[in-house]
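*Asks:* What the sequence shown shows, in the working numbering, is residues 0 to 273, in sequence order. Attaching a single structure in structure tokens format; questions to follow.
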Amino acid sequence: MSINTPKELMKEIKIHPENFYFIHYSCQNLNDENASLSPRITSIVVSHYSTGQTVSFSTHSVAETLGISRDSVIEKFDEIEKEPLKEFYDFVRDRRDKYWIHWNMRNSTYGFEHIEHRYRVLGGTNAPVIPVERRINLNDIFASYYGSNYASHPKLTNLMELNGGIHRDFLGGAEEVQAFANKEFLRMHKSTLCKVGAFHSFLRKFTQGKLKTKSKGWGIFLDGLFDGRVAKGIAFVTGIIGVPGAIIGFWEPIKNWDTLDIEFSKIRTICANF
């Protein structure tokens, strides 16, 4: 089953939170300044929604395992990069039927297709592809629910600002490019971790109706108003109001005050037991 709307996401994640994973990754410059045709991937982070457990696949950890110094990583990058991609796809293999929540991982420039392409370029085969209908773009979900202007550009950093501030490990696009040039791969990895953490926080607040955005409007207000406890309260009050109405409607058959006292006694009992 695919999830195409915010309401579908809210419903499914409340029923089956164990079926959702967050994913984000860091890479080399996305422009044409790279020595290779496609940007090299430095780390991939996956986090499980229901447990909060996080798994990382990074070049710096592989380099350390292989005894390759930081200064030698670039010249041996092809050898190093393939291993975390293989580990990532080993992890994905039995989880292709889960939902994968991401932030604008749309295409072969930056997205699932880019990861798969790098794996193939490095000699990897039989990558277990995550079906497109199991991918959920969190940015699109928020834009659909709150409106396209739910946050100023760049949306990710501004949404962070609205919901607690930007994490100290966060790197923007230009900063990641510079970090790669400086061979600061651990710094890039920590930035990816904090972004996945932000996605987790955004989604929890979203499902609880607590995500702060720039958007204002009656549609959003009413969606929150008629959800959860508020809806139950409104239903109860409406029910109480309806009881006297029913009594008035049947006023004619009531011939004495004893009968009326019984009816009001029932109302008091309902209120006392709520």
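Cβ coordinates follow ideal geometry from the N, Cα and C atoms, glycine included. Note that the structure is a prediction, hence the values are computed from the model and not measured.
CA-CA distance, residue 277 and residue 6?
*Replies:* Outside the modelled stretch of the chain, which goes from 0 to 273, sits residue 277, for which no answer is possible.
*Asks:* Compute the distance between the beta-carbons of residue 46 and residue 20, then report whether it is under 8 angstroms.
*Replies:* Closer than 8 angstroms, so yes.
*Asks:* When burial is assigned at 16 or more other CB atoms within 10 Å of the CB, is residue 0 buried or exposed?
*Replies:* Flag for residue 0 reads exposed.
*Asks:* Using the DSSP secondary-structure output, state which residues sit across from residue 26 in a beta bridge.
*Replies:* Residue 26 pairs with 40.
*Asks:* Quick one: what does DSSP say residue 113 is sitting in, helix, strand or coil?
*Replies:* Helix.
*Asks:* Using DSSP with H/G/I as helix, E/B as strand and the rest coil, what is residue 141?
*Replies:* In this structure, residue 141 counts as helix in the three-state DSSP scheme.
*Asks:* Report the CB separation of residue 83 from residue 107 in whole angstroms; it is logged as a contact under 8 angstroms.
*Replies:* The pair is not a contact, with the Cβ atoms about 19 angstroms apart (cut-off 8 angstroms).
*Asks:* Counting only the same chain and skipping the five closest in sequence on each side, list residues whose C-beta sits under 6 angstroms from that of residue 158.
*Replies:* For residue 158, where only same-chain residues beyond five positions count, the Cβ hits under 6 angstroms are 150.
*Asks:* Could you tell me which of 182, 134 and 115 sits nearest to residue 127, measuring between CA atoms?
*Replies:* Selected option, being the one with the closest Cα: 115.
*Asks:* Where does residue 188 sit, in a helix, a strand or coil, going by DSSP?
*Replies:* Residue state, collapsed to three classes: helix.
*Asks:* What are the complete beta strand (DSSP E) segments, minimum 3 residues, inside the stretch 75-115?
*Replies:* Runs found: 98-101.
*Asks:* Identify the residues that DSSP records as bridge partners of residue 56: which are they?
*Replies:* Looking at the DSSP assignment, residue 56 forms a beta bridge with 43.
*Asks:* Check whether the Cβ of residue 134 lies closer than 8 angstroms to any Cβ atom in chain D.
*Replies:* Among the chains of the structure shown, chain D does not appear; only one protein chain is present.
*Asks:* Hey, quick one: how far does the alpha helix (DSSP H) through residue 157 stretch, first residue to last?
*Replies:* Element bounds for residue 157: 154-161.
*Asks:* When the Cβ atoms of the stretch 63-70 are set against those of the stretch 85-103, are three or more pairs found closer than 8 angstroms?
*Replies:* Result no; under three Cβ-Cβ pairs closer than 8 angstroms.
*Asks:* What does DSSP give as the partner residue(s) for residue 169 in the beta ladder?
*Replies:* Residue 169 is not bridged to any residue.
*Asks:* Indicate the three-state DSSP secondary structure (helix, strand or coil) for residue 136 in the structure shown.
*Replies:* DSSP places residue 136 in strand when its eight states are reduced to three.
*Asks:* So residue 122 packs on residue 81, CB below 8 angstroms; how close in whole Å?
*Replies:* Sure, about 7 angstroms apart at Cβ, within 8 angstroms.
*Asks:* Taking the Cβ atom as the reference point for each residue, do residue 170 and residue 59 lie within a distance shorter than 8 angstroms?
*Replies:* It is not a contact, given that the beta carbons lie outside the stated cut-off.
*Asks:* Just the Cα atoms here: how many angstroms apart are residue 195 and residue 113?
*Replies:* If you take the alpha carbons of residue 195 and residue 113, they lie about 19 angstroms apart.
*Asks:* Taking residue 29 as the reference, give the member of 44, 42, 92 and 172 with the closest Cα.
*Replies:* Measuring from the Cα of residue 29, the nearest candidate turns out to be 172.
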